[in-house]
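Asks: There's a structure below that I have some questions on.
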Amino acid sequence: MNMEKLQESMYQLIVETSTNLPKDVRRAIKTAKARESAGTRSAMSLATISNNIKMADDKVSPICQDTGLPTFKIKTPVGVNQLQIKEAIYAAMKEATNDGKLRPNSVDSLTGANSGDNLGLGTPVIKFEQWEKDYIDARLILKGGGCENKNIQYSLPCELDGLGRAGRDLDGIRKCIMHSVYQAQGQGCSAGFIGVGIGGDRSSGYDLAKEQLFRSVEDTNSNDDLRKLEEYVMDNANELGIGTMGFGGETTLLGCKVGVMNRIPASFFVSVAYNCWAFRRLGFKLDADTGSVQEWLYQEGELVDLSENTAQQETAAASQGDSDVITLQAPITEEKIRSLKVGDVVRIDGRMYTGRDAIHKHLSDNESPVDLDGQVIYHCGPVMMKDEGGSWHVKAAGPTTSIREEPYQGDIMKKFGIRAVIGKGGMGPKTLEALGEHGGVYLNAIGGAAQYYADCIKSVEGVDFMEFGIPEAMWHLEVEGFTAVVTMDSHGNSLHKDIDKSSLEKLSQFKEKVFS
């Protein structure tokens, strides 16, 4: 096989998967936009998402800054050298990382050291299978950490919040799937897609669940019972009212695919792989002799243009000086923060600092290298590139899931005087209490909108803690027109808590047995 051509093809697969959303996913998002009521927070989010997709297309840049853990699923004819394919993938991964198409995401689990090239023990994941056909079928999914953390596995029978007992039957499986959508809330960048694996052991069940995400959004399950189950979930999950980003709304789930395998009598697992709206999954057919691309997969039908005038107008209204938008510029006073309430749309101009897991852990025990009094912390691990002159530039910069910082956030805000925190998915009771005591606010940005927010960043003014790796470093950013929504205020109000409560009440309405 021509190794140079094979590496080039694998590089194309990685770049296209990171930057070009598949056509079936675009159609699902278009359907969600048509369903959503105009003028709502969810409609604004879908407008931003739509424009972000177009921006990623135009710039050939990552749709989301979290390019995740790459998982390759490859079928080869008998006799094809799989070691050569693996070698080509490794080389393509390095090249794509150097070119800013992937964020360096491979971290040593014991030391926390980032390899810098996305390679390491277990990364990327490559699964091979032999078949009798004469071509190579190669597929890739980039599944980010926010949605990966909302995967869930149930061992039946069990008791579920809002749904009661789930037994070892189709009805119990149904309850587990509905509960999996509820528990994800907005933390997995809803509206999302789920793959479900019934049976197997704990590891093979999760593998089966993720395998379902390689199916087309629009296919029909050949198993009649599973087809009915998928249809039930799609008909009812959107009644939970969780909505885009967990803001409430008409669309919570964009796709559900279910697979089944045998199990041992003592175990009955239902495994759910949750995927965000930025469903980055592509594939192609390769010539087994030359390594060249024969046909791209998941690209049937016309390309949907999501960037319609109405979407552009909704996004512009929220980011370019609309009268209802409140401007914040650090240092922010306590008085200004206490004037904000849940539901307010804010525009941030000026300085903000990124901070994720490593920064929060460090600041809990150490002093800050910069004065954070009155400042804004952004839960973000950007994709960064350095130019020939040595200056850093932001390639992608959407928010990460904030709940991971719950053990630290409130204490750090009070310790350093931080007034605003930006992230996605909301935070918990400890942070909410601290916002009230200290005079702070939580701002929810649109998860996955990495190009939209990168466009708001006008310059990189500095960086600290590069020893933690690019995603975990503290970047000093100058921004303009950075839009977010107040979802937790200094008066004890939390949209996330309210949506969780209302969606749990709605979940309980699906308690009745519907499968015989």
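Take the position in the sequence shown, starting the count at 1, then add 191; the result is the number in the working numbering. Where a beta carbon is used, it is the ideal one built from N, C-alpha and C, also for glycine.
1. Entirely within the region 316–341 and at least 3 residues each: give me those beta strand (DSSP E) ranges in chain order.
2. Is it the case that the Cβ atoms of residue 307 and residue 377 are separated by a distance below 8 Å?
3. I'd like to check one pair, residue 400 with residue 388: are the Cβ atoms closer than 8 Å?
4. Tell me, which residues are paired with residue 418 by DSSP?
5. State the DSSP-derived secondary structure class of residue 511, mapped to helix, strand or coil.
6. Skipping 5 residues on each side, what residues in its chain have a beta carbon closer than 6 Å to that of residue 516?
7. Please return the same chain residues whose Cβ sits closer than 8 Å to the Cβ of residue 548, not counting the five positions on each side in sequence.
8. What does a CB cutoff of less than 7 Å around residue 215 pick up in its chain, not counting 5 residues either side in sequence?
9. Just to confirm, is the Cβ distance from residue 603 to residue 551 under 8 Å?
10. So, residue 421 versus residue 412, is the Cβ gap smaller than 8 Å?
11. Please go through the same chain and pick out, in chain order, the residues whose beta-carbon is closer than 6 Å to the beta-carbon of residue 396, but skip the five residues on each side of it.
12. Exposed or buried, which one is residue 322 when buried takes at least 16 other CB atoms within 10 Å?
13. In this structure, what does DSSP give as the bridge partners for residue 575?
14. Among all the DSSP beta bridges, which residues are the ones paired with residue 468?
15. So which of 646, 624, 195 has the shortest CA-CA distance to residue 684?
16. Go ahead and label residue 414 buried or exposed: buried means 16 or more other beta carbons lie within 10 angstroms of its beta carbon, across all protein chains shown.
17. In chain order, what residues of the same chain lie with their CB nearer than 6 Å to the CB of residue 508, ignoring the 5 residues before and after it?
18. Could you compute how far the alpha carbon of residue 472 sits from the alpha carbon of residue 559?
19. Is the distance from the Cβ of residue 585 to the Cβ of residue 521 below 8 Å?
20. Judging by CA-CA distance, which residue of 258, 220, 479 is the nearest neighbour of residue 574?
21. Taking only the alpha-carbon atoms, compute the straight-line gap between residue 213 and residue 638 and give it to the nearest angstrom.
22. Tell me the rounded alpha-carbon separation between residue 580 and residue 650.
23. Please say whether residue 288 and residue 640 have beta carbons closer to each other than 8 Å?
24. So what does DSSP say about residue 604, is it helix, strand or coil?
25. What distance in whole Å lies between the Cβ atoms of residue 354 and residue 136, which are believed to be in contact at a cut-off of 8 Å?
26. Who does residue 226 pair with in a DSSP beta bridge?
27. Taking C-alpha atoms, which residue in 454, 568, 433 lies nearest to residue 686?
28. Taking only the alpha-carbon atoms, compute the straight-line gap between residue 523 and residue 660 and give it to the nearest angstrom.
29. May I have the straight-line CA-CA distance separating residue 357 from residue 704, to the nearest angstrom?
30. What does DSSP give as the partner residues of residue 476 in its beta bridges?
31. On a CA-only basis, which of 300, 226, 221, 325 is nearest residue 242? Give me that one, please.
32. Can you tell me which of the three DSSP states residue 635 falls into?
33. Residue 572 and residue 591 look like a contact to me (Cβ under 8 Å); what is the Cβ gap, rounded to whole Å?
34. For a minimum of 3 consecutive residues, which ranges assigned as the beta strand (DSSP E) are wholly contained in the region 632–685?
35. Between the Cα of residue 301 and the Cα atoms of 311, 293, 294, which residue gives the shortest distance?
36. What separation, rounded to the nearest whole angstrom, lies between the Cα atoms of residue 275 and residue 286?
Replies: The relevant details are as follows:
1. The beta strand (DSSP E) runs of length 3 or more contained entirely in the region 316–341 are, from start to end of the chain, 316–322, 326–334.
2. No.
3. Cβ atoms of residue 388 and residue 400: closer than 8 Å.
4. According to DSSP, residue 418 shares a beta bridge with no other residue.
5. Residue placement at residue 511 is flagged as unreliable, the pLDDT there being 40, under the threshold of 50; the coordinate-derived value follows with that caveat. Look at residue 511 here: in three-state DSSP terms it is coil, with no helix or strand label.
6. Contacts found: 536, 538.
7. Correct list, in chain order: 595, 596, 663.
8. Scanning its chain for C-beta atoms nearer than 7 Å, with the 5 sequence neighbours on each side dropped, one finds around residue 215 the residues 407, 408, 409, 489, in chain order.
9. Between residue 603 and residue 551, the C-beta gap is smaller than 8 Å, which places the two residues in contact.
10. Contact: yes.
11. The residues are 388, 460, 462.
12. The residue is exposed, with fewer than 16 neighbouring Cβ atoms inside 10 Å.
13. Its beta-bridge partners are 585.
14. Residue 468 pairs with nothing; no bridge assigned.
15. Among 646, 624, 195, the Cα nearest to that of residue 684 is on 624.
16. Note on residue 414: under 16 other CB atoms within 10 angstroms of its CB, so exposed under the neighbour-count rule.
17. Any answer about residue 508 is weak, because its pLDDT of 46 lies below 50 and its placement is not dependable; what the coordinates show is given next. For residue 508, where only same-chain residues beyond five positions count, there are no Cβ hits under 6 Å.
18. Rounded to the nearest angstrom, the gap between the Cα atoms of residue 472 and residue 559 is 40 Å.
19. The criterion of a C-beta distance shorter than 8 Å is not satisfied by residue 585 and residue 521.
20. Taking only the C-alpha atoms, the option nearest residue 574 is 258.
21. Going by the C-alpha atoms only, they are around 18 Å apart.
22. Rounded to the nearest whole angstrom, the C-alpha separation of residue 580 and residue 650 is 14 Å.
23. Note that the C-beta distance between residue 640 and residue 288 is not below 8 Å.
24. Helix.
25. With the chain covering 192 to 707 only, the question about residue 136 has no answer from this structure.
26. Per DSSP, none; premise fails for residue 226.
27. Ranking 454, 568, 433 by Cα distance to residue 686 puts 433 first.
28. For residue 523 and residue 660, the distance between alpha carbons rounds to 29 Å.
29. If you take the alpha carbons of residue 357 and residue 704, they lie about 10 Å apart.
30. Under the DSSP definition of a beta bridge, residue 476 partners with 328, 486.
31. Restricting attention to 300, 226, 221, 325, the CA atom closest to the CA of residue 242 is found in 221.
32. Strand.
33. Here residue 572 really is in contact with residue 591; their C-beta atoms are around 6 Å apart, less than 8 Å.
34. If we require 3 residues or more, the beta strand (DSSP E) runs fully inside the region 632–685 come out as 632–635, 648–655, 665–679.
35. When 311, 293, 294 are compared, the shortest CA-CA separation from residue 301 is found for 311.
36. Straight through space, the alpha carbons of residue 286 and residue 275 are spaced by roughly 17 Å.
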